[in-house]
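See below for the structure under consideration.
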Amino acid sequence: MSKVRVLVGTRKGAFILNSDGKRQQWDVSGPHFGGWEIYHMKGSPVDPNRIYASQSSGWFGQLIQRSDDGGKTWEPVGNKFAYAGVPGTHQWYDGTPHPWEFKRVWHLEPSLHDPDTVYAGVEDAAIFRTTDGGKAWEEMPGLRGHGSGPHWQPGAGGMCLHTILLDPSDPQRIFIAISAAGAFRTDDGGATWKPINRGLHSQYIPDPNAEVGHCVHHIAMNPARPGVLFMQKHWDVMRSDNAGDSWQEVSGNLPTDFGFAIDIHSHEPDTVYVVPIKSDSEHYPLEGKLRVFRSRTGGNEWEPLTKGLPQQNCYVNVLRDAMAVDSLDDCGVYFGTTGGQVYASADGGDSWNAIVHDLPAVLSVEVQTLP
Amino acid sequence: MIRILLPAHLRTLARIDGELLLAIEGEATQGSLLSAIEGRYPQLLGTIRDQITLQRRPFLRFFACERDLSHEASDTPLPGPVVAGEEPFIILGAIAGG
Numbered sequence: 108m109s110k111v112r113v114l115v116g117t118r119k120g121a122f123i124l125n126s127d128g129k130r131q132q133w134d135v136s137g138p139h140f141g142g143w144e145i146y147h148m149k150g151s152p153v154d155p156n157r158i159y160a161s162q163s164s165g166w167f168g169q170l171i172q173r174s175d176d177g178g179k180t181w182e183p184v185g186n187k188f189a190y191a192g193v194p195g196t197h198q199w200y201d202g203t204p205h206p207w208e209f210k211r212v213w214h215l216e217p218s219l220h221d222p223d224t225v226y227a228g229v230e231d232a233a234i235f236r237t238t239d240g241g242k243a244w245e246e247m248p249g250l251r252g253h254g255s256g257p258h259w260q261p262g263a264g265g266m267c268l269h270t271i272l273l274d275p276s277d278p279q280r281i282f283i284a285i286s287a288a289g290a291f292r293t294d295d296g297g298a299t300w301k302p303i304n305r306g307l308h309s310q311y312i313p314d315p316n317a318e319v320g321h322c323v324h325h326i327a328m329n330p331a332r333p334g335v336l337f338m339q340k341h342w343d344v345m346r347s348d349n350a351g352d353s354w355q356e357v358s359g360n361l362p363t364d365f366g367f368a369i370d371i372h373s374h375e376p377d378t379v380y381v382v383p384i385k386s387d388s389e390h391y392p393l394e395g396k397l398r399v400f401r402s403r404t405g406g407n408e409w410e411p412l413t414k415g416l417p418q419q420n421c422y423v424n425v426l427r428d429a430m431a432v433d434s435l436d437d438c439g440v441y442f443g444t445t446g447g448q449v450y451a452s453a454d455g456g457d458s459w460n461a462i463v464h465d466l467p468a469v470l471s472v473e474v475q476t477l478p
Numbered sequence: 006m007i008r009i010l011l012p013a014h015l016r017t018l019a020r021i022d023g024e025l026l027l028a029i030e031g032e033a034t035q036g037s038l039l040s041a042i043e044g045r046y047p048q049l050l051g052t053i054r055d056q057i058t059l060q061r062r063p064f065l066r067f068f069a070c071e072r073d074l075s076h077e078a079s080d081t082p083l084p085g086p087v088v089a090g091e092e093p094f095i096i097l098g099a100i101a102g103g
């Protein structure tokens with residue numbers, strides 16, 4: 108029978124949850140790296156026992172940990188993230204130039220083909236790559252070399268590159284997203300990048316339709332249909348049917364279209380999940396009701412999913428990398444909250460259970476479906 | 006041997022208990038001491054000082070002999086009692102909250 112491993116990064120350590128394919132009983136291990144922020148953990152698609160973790164601390168900086176046994180044991184690997192060339196400046200919150208400074212790794216995306224190759228999205232925004240299992244990291248300078256870098260600005264969480272999507276149909280194509288610069292795509296393996304933000308509209312920048320400057324919170328792709336992307340922007344849920352060349356709003360009947368997390372059903376590429384959050388200053392669900400909204404039509408028509416989720420006095424947030432899906436026949440959907448709960452649905456979102464209740468604030472959730 | 010006290014998180018990372026004892030070749034300065042620590046425990050690279058600028062991480066402090074040495078130049082000789090092993094060189098996280 109298949110198994111599921113859920114990798115949970117929190118403000119104070121990492122937790123690993125294991126279950127069989129029924130997804131009813133969960134074994135929780137952790138905290139790993141207790142006391143450290145674990146912004147993200149992710150396993151290699153070609154070697155699921157190879158897991159990478161971003162471990163950071165305001166006191167001690169950034170570490171990258173690697174496990175070769177499914178998270179039982181870990182070894183620190185390389186943690187030197189040096190920007191290529193002269194880093195230059197980006198915009199600060201007040202619009203003044205501010206030097207590029209490395210702060211942390213937000214997202215680790217292992218290659219679809221090689222367990223030793225991993226992409227890292229960092230703050231201040233840049234993309235790095237290792238090809239030796241994490242020992243050495245080198246910036247892919249074409250992204251910041253695009254020329255718009257001096258106009259990028261930090262979102263409230265910092266100027267982070269938080270989303271990396273690898274196109275399974277084209278190894279030269281990678282999508283990334285930056286708060287608050289927007290989405291970018293390379294079609295030549297990272298040598299050059301172009302902004303893919305046409306159709307985004309953001310009131311908080313001088314030109315609401317600018318080429319860059321949009322606060323994209325997260326982008327999701329179903330690997331079976333890599334040209335179709337769904338985006339949770341600061342405000343607005345968006346869809347692209349041409350690999351990001353243009354976007355259209357699909358917020359439809361959502362009660363609020365602010366949010367962070369977005370993901371797609373493993374087997375139904377038009378089934379999309381979001382967790383609407385009240386507003387950009389009120390980071391909690393509307394009316395104290397934790398509701399996942401599901402669209403089965405690729406957007407615009409959304410239904411609330413509430414069974415098993417708290418429907419009163421709930422004021423948690425669900426952060427951008429804290430939702431994931433497994434690939435079992437009945438698609439499992441998972442998300443973590445800033446209140447320390449990880450909720451799971453083994454029936455595509457129809458019903459939910461808290462598979463762990465009282466962790467530190469959850470920063471990220473990833474799922475591995477194991478044979 | 007120079008005695009070094011590391012913060013708990015760095016002891017965990019280096020997999021050591023208690024004080025760290027290190028011999029320094031040549032003049033014992035703050036910089037040569039940190040290089041010796043990093044040489045023995047490469048997993049601590051970047052956790053005490055930046056790997057590129059070699060500047061002390063801003064939320065760490067260096068104390069010894071009841072003095073704050075955090076702002077000493079890296080080539081300043083360590084105090085005699087530290088070099089003699091009579092007093093530890095203390096690396097600790099700054100108190101940044103209640």
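Protein sequence lines correspond, in order, to chains A and B. Letter by letter, the first sequence follows residues 108 to 478 in my numbering. Letter by letter, the second sequence follows residues 6 to 103 in my numbering. Note that beta-carbon positions come from the ideal geometry of N, C-alpha and C, so glycine has one too.
- Judged by DSSP secondary structure, T476(A) falls within the beta strand (DSSP E) whose first and last residues are 469 to 477.
- Taking 3 residues as the minimum length, the beta strand (DSSP E) runs contained wholly in the segment 210 to 285 of chain A are 211 to 217, 225 to 230, 233 to 237, 267 to 273, in order along the chain.
- Between L50(B) and the set F188(A), Q279(A), S358(A), the nearest pair of CA atoms involves F188(A).
- At the C-beta level, D370(A) and V432(A) come within 9 Å of one another.
- In the DSSP assignment, V357(A) falls outside any alpha helix (DSSP H), carrying neither H nor E.
- Look at the beta carbons and you see the segment 108 to 127 of chain A not touching the segment 191 to 206 of chain A: under three pairs across the two are nearer than 8 Å.
- For the segment 143 to 169 of chain A, residues whose beta-carbon sits nearer than 8 Å to a beta-carbon of chain B comprise W143, S164, G165, W166, F167, G168, Q169.
- Within chain B, not a single residue places a beta-carbon under 9 Å from that of A227(A); the smallest gap is close to 15 Å.
- Around the beta carbon of D352(A), a 10 Å sphere encloses fewer than 16 other beta carbons of the protein chains shown; the residue is thus reported as exposed.
- By the Cβ criterion, the segment 345 to 359 of chain A is not in contact with the segment 385 to 393 of chain A, since fewer than three pairs of Cβ atoms, one from each stretch, lie closer than 8 Å.
- As the crow flies, the alpha-carbon of D314(A) is around 23 Å from that of F337(A).
- Look at A429(A) here: in three-state DSSP terms it is coil, with no helix or strand label.
- In this structure, E43(B) is the residue among E43(B), V88(B), P63(B), I57(B) with its C-alpha nearest to the C-alpha of L18(B).
- Here E91(B) is not bridged, per DSSP, to any residue.
- By the Cβ neighbour-count rule, G320(A) is buried, with 16 or more other Cβ atoms within 10 Å of its own.
- Spatial neighbours of P152(A) in its own chain (CB-CB distance under 7 Å, excluding positions within 5 residues in sequence) are listed in chain order as P217, L219.
- For S402(A), the enclosing beta strand (DSSP E) begins and ends at 399 to 402.
- Per DSSP, T17(B) is one residue of the alpha helix (DSSP H) stretching across 13 to 19.
- DSSP places Q198(A) inside the beta strand (DSSP E), whose first and last residues are 196 to 198.
- Residue environment for E71(B): exposed (fewer than 16 other C-beta atoms within 10 angstroms of its C-beta).
- The alpha-carbon of T404(A) is positioned some 13 Å away from that of V381(A).
- Fully contained in the segment 6 to 74 of chain B are the following beta strand (DSSP E) runs of length 3 or more, in chain order: 7 to 10, 25 to 27, 65 to 69.
- With 16 or more other CB atoms across the displayed protein chains lying within 10 angstroms of its CB, A233(A) is buried.
- CA-CA distance, Q198(A) to H258(A), rounds to 6 Å.
- Straight through space, the alpha carbons of H205(A) and E230(A) are spaced by roughly 13 Å.
- Proximity of N186(A) to chain B, defined by a Cβ-Cβ separation below 9 Å, is satisfied.
- If you keep only unbroken beta strand (DSSP E) runs of at least 3 residues inside the segment 408 to 455 of chain A, you get 410 to 412, 430 to 432, 440 to 443, 449 to 452.
- Inter-residue distance for L272(A) and I283(A) is about 6 Å (C-alpha atoms, whole angstroms).
- Check the Cα spacing between L250(A) and each of G168(A), D201(A), Y190(A): the tightest is with Y190(A).
- In the structure shown, E77(B) falls within a coil segment according to DSSP collapsed to helix, strand and coil.
- In terms of CA proximity to V113(A), V449(A) leads the group W459(A), G456(A), V449(A).
- Using a CB distance below 7 Å, the part of the segment 59 to 72 of chain B facing chain A consists of R62, F64, L65, ordered along the chain.
- When the five nearest sequence neighbours on each side are left out, the beta carbons in the same chain lying within less than 7 Å of the beta carbon of C438(A) are those of H372, S373, H374, V432, G455, in order along the chain.
- In the DSSP assignment, T117(A) forms a beta bridge with G120(A), V469(A).
- Listed along chain B, the residues sitting closer than 8 Å to P183(A) by beta-carbon distance are L18, Q48.
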